[in-house]
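As given, the protein sequences belong to chains A and B, one line each in that order. Read in order, the letters of the first sequence are residues 902 to 1249 in the working numbering. Read in order, the letters of the second sequence are residues 570 to 966 in the working numbering. Comments concern the structure below.
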Amino acid sequence: MGANTRLTSLLGYVKADSRHIVAGGVNSLPLAALIVMLKLILFRLLQGVMVLLIISFLIFALLTRAGGDAVSMHENTRGSNETIESIRRLHGLDRPLMERYLNWLAEAARGDLGHSLVLQAPVWSLIRRPLLRTGMSAMVALLIAWAFSLTLGISAARRPGSLIDRLCSVIILLASSTPRLVLALLALAFIYSTPLMSVVGAQTGADAGVLSFRVIPPAIILSVPLLAIFLAQTRVAIREALDEEFVRVARARGAPEWIILLRHALRPAAGPLITVLGLSLGGVMSGSVVVEVVLGWPGLGQLTVSAVQTRDIPLLLGATLTAAAAVMAGNLAADILQRLNNPLLRNG
Amino acid sequence: MTLSESENRGRTAPGENQSAIRNSQFAIRSWLRGRGALLAGAGIIMFCCLSAVFADLLAPYDYSSLSRREPLAPPTTIRFRDAQGRWHARPFIYARLFDPATQRYEEITDRAYPLELFSRGYSYEFLWRFQTDLHLFGTRAEAGVEAPRVYLLGADKFGRDRLSRLLMATRYSLLMGPIGALLASVLGVLIGGAAGYVGGWTDAVLMRAADVMLALPTLVLILAVRATFPPGLPPADAIKLLVIIFVILGWAEMARLARGLTRELRQREYVMAAVSLGCSPARVIVRHILPGAALSLAAQALLILPNFLLAETALSFLGVGLQEPEASWGSLLADVDGKIFKRGHALAEFSPALALMLFVLGARLLGDGLGNEGREREKFQWSEGIEESKEGRKKEA
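Here is the structure:
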């Protein structure tokens, strides 16, 4: 490659880079990009509805095969057979599977997820606040994980092989191979043996506000495996981005280091980071089940477990579908973010 | 692994001291280089598997035998020096008395009970074949006096030996996790292989399904499916049920990798040659594609193994996996509460968690190591191929 072509290619990078900055703002969405985005949303909505249909039908079908419902769990010893039958009839548990499923579906389509058999309340009213609480803890966990992985990952990527880089490798290995259950139990023991107990108050009272200090322990525990995934990804992505020619150009222009890191390196590195964010949401929801039960954070996971233990099928169905829907919504949000960040994807 | 590959690993230049390379010691050392993690992982996994297989021999007592007078007994102190200050060659223990008022254990130093190797205990079938009642260690029973039980890790709230329960739990957990991972891997490889090989419409549908599966909150779904079955299943049925649920919900990760590998390997010349010779797709996949992908697939199977193990642990922890008195790592962890530091033998109470962590770490190290191995081998094959073609061209010239 001759010196001349080298120079033009570098100039090309400068141009591309500046265009990237000017046109990359969120405000300048052209119409074509909007249509692409709408298509994505519509497609995902359809897909989500299909997935929810499949899940709900499978659970319904398994139920009739297995037998045993909340009525037989709840008042099995007391009450005559006739009483049990009348309760069953009252809740429509004596009808054939398909009819029950279609009835439930028709109600669900109107936004009514049915009535909890054990807690005697509309399912949606039982789910709403736990859903917010789980969302809250997931959010705080993501913030913690991002804050740590970005600072650590960037400093590690700037000096490969340095002490902090090797420290990161150790953190990744340990954080990714320590199960959330173990961490949660350790945290519980730790809280019990310190005065933190009065602040965090694990396992006191069933009800907690959505904005409560009690969110902190579950959020920290949830963030640990995320930290491993994000840190590994940040380190690699930033290191690759720092090797790019536009970073060298920016350095040659004399841009300050923090501008280079935040504007030139982080932007292209954000793509894979958003991808792993989307992929890790399902894991966060799964992990929050155990963490919430151990640390007494009354979220969706705890609700699901109690529905399983009491075999409260309407509540279980509602909670499971809500969890799945929330995760899919989070995935959609991650995909939209991805397209906002990357102009190549944005314009289809 | 052949000698030539270990040379490659040691990165020895061709002319450099050929005789030393042939030296077997050097070969071993250069093979070991960069494989520390792999070996450590393999060691940990081996250790866990061996303790699962020999659980009956290693466990001093039956995992479900109660000792009501010893709830939450702390680990037994093993002594060489008695209360009078005399030293003994054979380790011994003192009997302990539980005081319900103070919740304390007092040692009774009147009489020492010596420990012995290969003592007699409950009878079992060694390796599922030989009837025996020998256990690795225990207290020696003497005429007329019943020896106290020795608890290396203490006892749980029903006075069951925690070490024995941990060993039996290892057996269950190491049965369920790996079987689930193996079957899910097989299903994933079948689906992914089909998608990658056939391509087109099939590929699009299958991979879309895999994406959805990957995104869903698996544990919540597992819980929901488990809830549709009666809660108190017998252990054998519970294991079967859980494995089936795991397989149905866990194939996606493997399918994606298998699909990628299949698509990549399909482009290789030797595969195309096999196809053009008229080999059936099954033969091409089994004889030509699978061998190339095997190491990466095995690495991936090891990396997803902890997911299955942890799902089982979570279910048993929540009380919908194995039922008491059967033990698995999860149901043992259900006994751990917030007061373990206060009772003062936290490490013993936390031992199931440590076992779980150790195994997960081992699987990760081994999986990462195997993955590296696969990439190295790939690199080696490529570089070898390039060398050969260069030499061939020289000869032609």
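All C-beta atoms, glycine included, are put in the ideal place defined by N, C-alpha and C.
Please tell me whether residue 664 (chain B) and residue 647 (chain B) are closer than 8 Å, where the distance is taken between their beta carbons. In the second sequence, residue 664 (chain B) corresponds to position 95, counting from 1. In the second sequence, residue 647 (chain B) corresponds to position 78, counting from 1. No, they are not a contact pair.
Kindly indicate which residue of B:872, B:645, B:800, B:773 has the alpha-carbon position closest to the one of residue 970 (chain B). With chain B running from 570 to 966 in the structure shown, residue 970 (chain B) is simply not present.
Cβ of residue 770 (chain B) less than 8 Å from any chain A Cβ? Counting from 1 along the second sequence, the entry for residue 770 (chain B) is found at position 201. False, the Cβ-Cβ gap to chain A never drops below 8 Å.
Spell out whether any CB of chain A is found under 8 Å from the CB atom of residue 786 (chain B). The count along the second sequence starts at 1 and reaches residue 786 (chain B) at position 217. Chain A contact via Cβ: present.
Does any CB atom of chain B fall closer than 8 Å to the CB of residue 1115 (chain A)? For the purposes of this step, residue 1115 (chain A) is identified with residue 214 of the first sequence, where counting begins at 1. So no, residue 1115 (chain A) is outside the interface.
Give me the Cβ distance between residue 1148 (chain A) and residue 1081 (chain A), rounded to the nearest whole Å; I'm assuming they're in contact under 8 Å. Reading the first sequence from its first residue, position 247 is the one you call residue 1148 (chain A). Reading the first sequence from its first residue, position 180 is the one you call residue 1081 (chain A). Contact doesn't hold; Cβ gap of about 37 Å is too wide.
Using the beta-carbon of each residue, which ones in chain A are nearer than 7 Å to residue 793 (chain B)? Sequence index remark: in the second sequence, residue 793 (chain B) carries index 224 (1-based). Per Cβ cutoff of 7 Å: 960, 1217, 1221.
CB of residue 707 (chain B) within 8 Å of CB of residue 733 (chain B), strictly: As a position in the second sequence, residue 707 (chain B) is number 138, starting the count at 1. As a position in the second sequence, residue 733 (chain B) is number 164, starting the count at 1. Their beta carbons are not under 8 Å apart, which means residue 707 (chain B) does not touch residue 733 (chain B) by this criterion.
Report back the beta-carbon spacing between residue 1290 (chain A) and residue 922 (chain B) to the nearest angstrom; my notes put them in contact at under 8 Å. Outside the displayed span of chain A (902 to 1249) sits residue 1290 (chain A), for which this structure offers no information.
Name the one or two DSSP bridge partners that residue 686 (chain B) has. Indexing the second sequence from 1 puts residue 686 (chain B) at position 117. Bridge partners of residue 686 (chain B): B:706.
Return yes when the Cβ of residue 917 (chain B) is within less than 8 Å of the Cβ of residue 644 (chain B), no when it is not. Counting from one through the second sequence, the residue named residue 644 (chain B) turns up at place 75. Counting from one through the second sequence, the residue named residue 917 (chain B) turns up at place 348. Going by C-beta atoms, residue 644 (chain B) is nearer than 8 Å to residue 917 (chain B).
Quick one: is residue 1232 (chain A) near chain B, going by C-beta distance under 8 Å? As a first step, residue 1232 (chain A) must be located in the first sequence, where it is residue number 331. Chain B contact via Cβ: present.
Candidates B:882, B:828, B:631, B:897, of which the one nearest residue 863 (chain B) by Cα: Residue numbering aside, residue 863 (chain B) sits at position 294 when the second sequence is read from its first letter. With distances taken between Cα atoms, residue 863 (chain B) lies closest to B:828.
Give me the chain B residues within the contact set of residue 1052 (chain A), using Cβ-Cβ distance strictly less than 9 Å, ordered along the chain. For the purposes of this step, residue 1052 (chain A) is taken as residue 151 along the first sequence, with counting starting at 1. None at all; the shortest Cβ gap to chain B is about 25 Å.
Just verifying my parser: in three-state terms, what is the DSSP assignment at residue 955 (chain A)? Here residue 955 (chain A) refers to the residue found at position 54 when the first sequence is read from its first residue. Reduced to three states, the DSSP call for residue 955 (chain A) is helix.
Using a 10 Å radius around the Cβ and a threshold of 16 neighbouring Cβ atoms, would you call residue 1095 (chain A) buried or exposed? Working through the first sequence from its first residue, we reach residue 1095 (chain A) at position 194. Residue 1095 (chain A) comes out exposed.
Expressed to the nearest angstrom, what Euclidean distance is found between the alpha-carbon atoms of residue 1158 (chain A) and residue 1062 (chain A)? The sequence position of residue 1158 (chain A) within the first sequence is 257, counting from 1. The sequence position of residue 1062 (chain A) within the first sequence is 161, counting from 1. About 20 Å.
N-terminal and C-terminal residue of the beta strand (DSSP E) that residue 1013 (chain A) is part of: On the first sequence, position 112 is the one that residue 1013 (chain A) refers to. Residue 1013 (chain A) -> no beta strand (DSSP E), and no H or E assigned at all.
Do the region 874-889 of chain B and the region 825-841 of chain B touch if we need at least three Cβ pairs shorter than 8 Å? no
Any non-hydrogen atom of the ligand SAM within 7 Å of residue 1230 (chain A) CB: The ligand SAM is not part of the structure shown, which contains no ligands of any sort.
Inter-residue spacing [alpha-carbon to alpha-carbon] between residue 933 (chain B) and residue 1127 (chain A): On the second sequence, residue 933 (chain B) is found 364 positions in, with the first residue counted as 1. On the first sequence, residue 1127 (chain A) is found 226 positions in, with the first residue counted as 1. Going from the Cα of residue 933 (chain B) to the Cα of residue 1127 (chain A) covers about 16 Å.
Is the beta carbon of residue 737 (chain B) closer than 8 Å to that of residue 808 (chain B)? Looking up residue 808 (chain B) in the second sequence gives position 239. Looking up residue 737 (chain B) in the second sequence gives position 168. Going by C-beta atoms, residue 808 (chain B) is not nearer than 8 Å to residue 737 (chain B).
Would you decide whether residue 1134 (chain A) is buried or exposed? Buried here means 16 or more other CB atoms lie within 10 Å of its CB. For the purposes of this step, residue 1134 (chain A) is taken as residue 233 along the first sequence, with counting starting at 1. Looking at its Cβ environment, which holds 16 or more other Cβ atoms inside 10 Å, residue 1134 (chain A) is buried.
Cα-Cα separation, residue 977 (chain A) to residue 799 (chain B): Within the first sequence, the letter at position 76 stands for residue 977 (chain A). Within the second sequence, the letter at position 230 stands for residue 799 (chain B). For residue 977 (chain A), the predicted structure reports a pLDDT of 48, less than 50, and the residue's modelled location is therefore unreliable. A value from the coordinates is still provided. Their Cα atoms are separated by approximately 14 Å.
If distances are taken between C-alpha atoms only, which option among B:775, B:655, B:905 comes closest to residue 1091 (chain A)? Here residue 1091 (chain A) refers to the residue found at position 190 of the first sequence. When each option's Cα is compared against that of residue 1091 (chain A), the closest is B:905.
DSSP state of residue 820 (chain B) mapped onto helix, strand, coil: In the second sequence, counting from the first residue as 1, residue 820 (chain B) sits at position 251. Three-state DSSP puts residue 820 (chain B) in coil, outside helix and strand.
Mind checking residue 1235 (chain A): buried by the 16 CB within 10 Å criterion, or exposed? If you number the first sequence from 1, residue 1235 (chain A) lands on position 334. So residue 1235 (chain A) counts as buried.
Same chain, Cβ closer than 7 Å to residue 621 (chain B), five either side skipped, listed in chain order: Reading the second sequence from its first residue, position 52 is the one you call residue 621 (chain B). Hits under 7 Å: 739, 740, 743.
With 16 as the cutoff for other CB atoms within 10 Å, does residue 813 (chain B) come out buried or exposed? As a working mapping, residue 813 (chain B) is identified with position 244 in the second sequence. Under this definition residue 813 (chain B) is an exposed residue.
Cut-off 6 Å between Cβ atoms - residues of its own chain near residue 691 (chain B), not counting five sequence neighbours on either side: Position 122 of the second sequence holds residue 691 (chain B). Around residue 691 (chain B): 631.
On the premise that residue 1224 (chain A) lies in contact with residue 1120 (chain A), defined as a C-beta separation below 8 Å, what is that separation, rounded to the nearest angstrom? Within the first sequence, residue 1120 (chain A) is the residue found at index 219, counting from 1. Within the first sequence, residue 1224 (chain A) is the residue found at index 323, counting from 1. Actually they do not touch by this definition, with Cβ atoms about 18 Å apart.
Pull out every residue of the region 891-902 of chain B whose Cβ sits closer than 7 Å to any Cβ of chain A, in chain order. 902
Quick check: the region 750-764 of chain B against the region 1157-1176 of chain A, are there 3 or more CB pairs under 8 Å? no
Going along the chain, which residues of the region 900-928 of chain B sit with their C-beta nearer than 8 Å to a C-beta in chain A? 902, 905, 906, 907, 908, 909, 910, 911, 915, 919, 922, 925, 926
CA nearest to the CA of residue 1014 (chain A), picked from A:1005, A:936, A:1174: Working through the first sequence from its first residue, we reach residue 1014 (chain A) at position 113. The option with the nearest alpha carbon to residue 1014 (chain A) is A:1005.
Proximal chain B residues relative to residue 854 (chain A), where beta-carbon distance stays under 9 Å: The question about residue 854 (chain A) has no answer here: the residues shown for chain A are numbered 902 through 1249.
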